[in-house]
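Asks: First the structure, then my questions, so here it is.
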Amino acid sequence: MKPLRITAYSLSSAAGHGREQTLASLRNRRTGLSRNDFGPAPLPTWIGRVEGLEAEPLPARLTEWDCRNNRLAWRGLHADGFITAVLAARERYGADRIAVIVGTSTSSIGASEEAYRRLESDGSYPPDLRRRIIHTPHSLGDFVQHAIGSTGISMTVATACSSSAKVFAQAQRILEVGLADAVVVGGVDTLCGSVLFGFNSLELISPDPCRPFDRDRRGINIGEAAGFALLERDAEQGPWFLGCGESSDAHHMSTPHPEGLGARLALEQALARARLTPKEIDYINLHGTATRKNDEVEASVIREMFPATTFASSTKGWTGHTLGAAGIIEAAISLIALEEGFLPGTLHCDRPDECCGPQIRVESASRSARCALSLSFGFGGSNCVLALAASDARVNA
Amino acid sequence: MPGWEVAKRVIRGECEPQATNAPRPSTALLPPTERRRIPDTVAIALEVATRACEMSKRDPSQLPSVFASTHGDAPISDYMCSTLATTPSLISPTKFHNSVHNAAAGYWTIAVGSYAPYTALSAFESTFAAGLLEAAMQSVCERTPVLFVAYDIEATGPLAAVLNCTGLFGIGMVISTEAAIGAARPMQIHTRSAQSTEDVRPTRARTRAADLVAGNSLAPAFPFVELLATEAPGAVSLALGPRAALEIELS
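For the record, the sequence lines run as chains A and B.
Taking numbering that gives the first Met the number 0, I'd label the letters of the first sequence as residues 0 to 396.
Taking numbering that gives the first Met the number 0, I'd label the letters of the second sequence as residues 0 to 250.
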């Protein structure tokens, strides 16, 4: 399949609203994590919370979709002038030629949780939350489609933490067969009880700020984020989405394959499809969740597959693990790295685990970079690796 | 209508549906202890996936898959929300990992030992059409047969009144661009832009069997199932969104 230009992209997370703020946080090693103050009985952990969403209802025409997740989606659409670029594409191609493929893990389940906390005396939902669309996973895709006024294909992908990486693969197929001229891909996940208490039940939540690849790492911090990218069929400018690799672990619902078999397959496929060799990869944004198991398996895969010169890092110390939004957020951070010539290190990794090879870097570096990989591995053994390149990279189209 | 052979005959009016609700399918893919613990969504998805692979005579471990469900496992969402409202720290870790939308797909790849990629998606009232389209695009672009599975089950608790999804409905098929083998039916699909929501004009179900799944969120798929059951050439139109349709022709 043909490599595609990314003609616009945006992100909004605890590490900053938009590319400029995010880059400043990365440069200054300023984390977006804060003590958990979310919900009625906060667990003792740290979270990547996006401030101010409670006071930012959606505009009147979109009230039907109003909830925390779609508010964050709205914010992400407005970061970095993204929606302006999308509306221009809609003008250019027509509303029916714009597809929306977005990823999430829990979509707006936070609204369902709220309804259950505020049930009427007869056990029914409170009237303000009796809106079917916000209690179903496609809440996100349907909202984005209505927010941008497109009428083409619209789907919501929910493969846990690989969701908003896999949307790139789907978009590439849609453009390849010509069912759209442009695809809005992205992902949004917001803080909610389901993931905070759910990951807590699996004993994967860290009581401290998360420390990816540190020998004393104690688990994840949950973050919330929104990110989007616009892919167009015949664009002439913008960084490249070269291709991706997808695989399954066939191992376990909530732990990775011990030898990282699925991760290797996805990496090999991404490299093959991008027509790149490991030594041509200048930057890898790792999944790096800071769980004992993920980081150990991922580090060994990277150590065995890439030369010592490869620069790899996890940026979850800045954002937390944004789950279904992690794919797009980390793709966006990789694009920032390529565009700015600034490779972020790994925040809070004070003493790298002995499982880490020389590829995994703690300190950031300023250096020019042409090609990057972004790795996302999800519950249920779903793996996705994105290959990206700078706008001026020589691409084997 | 347990299984395609029975469903086909019920749709054609050759036999009556069973009076009582069919028991939940029991997949032979998993060991008995695990079989009892999997949620209904996984049970129905694995059952139709297994049958579809058998019919297609394909090795299930080699097939990429597309799993589509409007609401995922609504009873688990009900469990999560009610437990969170009362005793959040008592959330069951098993229920939590079964609550993800890709639980059925994850169990499937584990059960058949498949390293091939899967996806899990939702598109509200167009979930079946969206999943079918994605499976077809994968089979064309990736040049491989693809397993497509769609399922929705009855919602429970306070969520049920909002989602309004009843009964249990699962559909599984293998889509391939290769020459037909066995029971294969040649299929052509294309998308159509509609001028308005009224202009989407999805085909209406025409058999009494449609009543059996009318309350299920996958009911919009039933005209396609009817067309498959008739074994005669024909076409149906499914809503692909508020202003888009998926046109499907079977020869």
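Virtual Cβ for every residue (Gly too), placed ideally from N, Cα, C.
These numbers come from a predicted model, not from an experiment.
#1: Anything in the segment 109 to 131 of chain B with a Cβ closer than 7 Å to a Cβ of chain A? List those residues in chain order, please.
#2: Do residue 217/B and residue 168/B have their C-beta atoms closer together than 8 Å?
#3: For residue 189/B, which residues from the same chain have a beta carbon less than 6 Å from its beta carbon, with the 5 sequence-adjacent residues on both sides left out?
#4: Could you pull out every residue in the same chain whose Cβ sits closer than 7 Å to the Cβ of residue 165/B, ignoring the five residues on either side in sequence?
#5: Quick one: what's residue 351/A bridged to in DSSP?
#6: Name the DSSP bridge partner or partners of residue 226/A?
#7: May I ask which residues mark the beginning and end of the beta strand (DSSP E) holding residue 231/B?
#8: For a cutoff of 8 Å on Cβ pairs, would you count residue 171/B as touching chain A?
#9: Assess contact between the segment 270 to 285 of chain A and the segment 329 to 347 of chain A, defined as three or more Cβ pairs (one per stretch) separated by less than 8 Å. Is contact present?
#10: Count the CB pairs spanning the segment 96 to 112 of chain B and the segment 252 to 264 of chain A that are closer than 8 Å, and state whether there are at least three.
#11: Can the beta-carbon of residue 106/B be found closer than 8 Å to that of residue 65/B?
#12: Under 8 Å between the Cβ atoms of residue 327/A and residue 186/A?
#13: Is residue 383/A helix, strand or coil by DSSP?
#14: Residue 220/A: buried (16+ other C-beta within 10 angstroms of its C-beta) or exposed?
#15: Our contact map puts residue 383/A next to residue 209/A with C-beta atoms below 8 Å; I'd like the distance itself, whole angstroms only.
#16: For chain A, find out if any of its Cβ atoms is closer than 8 Å to the Cβ of residue 149/B; answer yes or no.
#17: Using CA coordinates, which residue listed in 153/A, 315/A and 31/A is at the minimum distance from residue 244/B?
#18: Any idea what DSSP makes of residue 235/B, helix, strand or coil?
#19: Residue range of the beta strand (DSSP E) that residue 189/B falls in?
#20: Spatial neighbours of residue 235/B within its chain, please: CB distance less than 6 Å, with the 5 preceding and 5 following residues excluded, ordered by chain position.
#21: Using only the heavy atoms of the ligand GDP, determine whether one of them is closer than 7 Å to the beta carbon of residue 75/A.
#22: Assign residue 89/B to one of three DSSP states: helix, strand, or coil.
#23: Does any residue of chain A have a CB that is nearer than 8 Å to the CB of residue 137/B?
#24: What residue range is occupied by the uninterrupted beta strand (DSSP E) comprising residue 39/B?
#25: With 16 as the cutoff for other CB atoms within 10 Å, does residue 56/B come out buried or exposed?
#26: Within 10 angstroms of the Cβ of residue 122/B, are there 16 or more other Cβ atoms? Answer buried if so, exposed if not.
#27: Straight-line CA distance for residue 237/A to residue 35/A?
#28: Look at the alpha carbon of residue 213/A and the alpha carbon of residue 126/A, and state the distance between them as a whole number of angstroms.
#29: Nearest CA to the CA of residue 75/B: which residue from 77/A, 108/A and 275/A?
#30: With distance defined between alpha-carbon atoms, name the residue in 279/A, 200/A and 354/A nearest to residue 82/B.
#31: Cβ closer than 7 Å: which chain A residues qualify as neighbours of residue 79/B?
#32: Any idea what DSSP makes of residue 204/B, helix, strand or coil?
#33: Looking at the C-beta of residue 154/A, does it have a partner C-beta in chain B at a distance below 8 Å?
#34: In the segment 44 to 78 of chain B, which residues sit with their C-beta less than 7 Å from some C-beta in chain A, listed in chain order?
#35: Which residue wins for smallest C-alpha separation from residue 164/A, given the options 118/B, 184/B, 140/B and 108/B?
#36: Does the beta carbon of residue 296/A come closer than 8 Å to any beta carbon on chain B?
Replies: Reading from the atomic positions:
#1: 109, 112, 113, 114, 115, 116, 117, 118, 119, 120, 121, 122, 123 and 129
#2: Their beta carbons are under 8 Å apart, which means residue 217/B touches residue 168/B by this criterion.
#3: Cβ-Cβ distances below 6 Å link residue 189/B to 246 in the same chain, with the five nearest sequence neighbours on each side left out; the list follows chain order.
#4: Cβ neighbours of residue 165/B beyond the five flanking positions: 153, 214 and 215.
#5: 213/A
#6: 10/A and 186/A
#7: For residue 231/B, there is no enclosing beta strand (DSSP E), since its DSSP letter is neither H nor E.
#8: no
#9: yes
#10: yes
#11: no
#12: yes
#13: strand
#14: Per the 10 Å Cβ criterion, buried.
#15: Their Cβ separation, rounded to whole angstroms, is 21 Å, which puts residue 383/A and residue 209/A out of contact at 8 Å.
#16: no
#17: 153/A
#18: strand
#19: Unbroken beta strand (DSSP E) run through residue 189/B: 186 to 192.
#20: 202, 222, 223, 226 and 247
#21: Looking at this structure, you won't find the ligand GDP or any other ligand, since it has none at all.
#22: Three-state result, residue 89/B: helix.
#23: By this cut-off, residue 137/B is an interface position.
#24: Here residue 39/B belongs to no beta strand (DSSP E); instead the alpha helix (DSSP H) covers 39 to 55.
#25: exposed
#26: buried
#27: 38 Å
#28: 48 Å
#29: 108/A
#30: 200/A
#31: 193
#32: coil
#33: yes
#34: 69, 70, 71 and 76
#35: 118/B
#36: no
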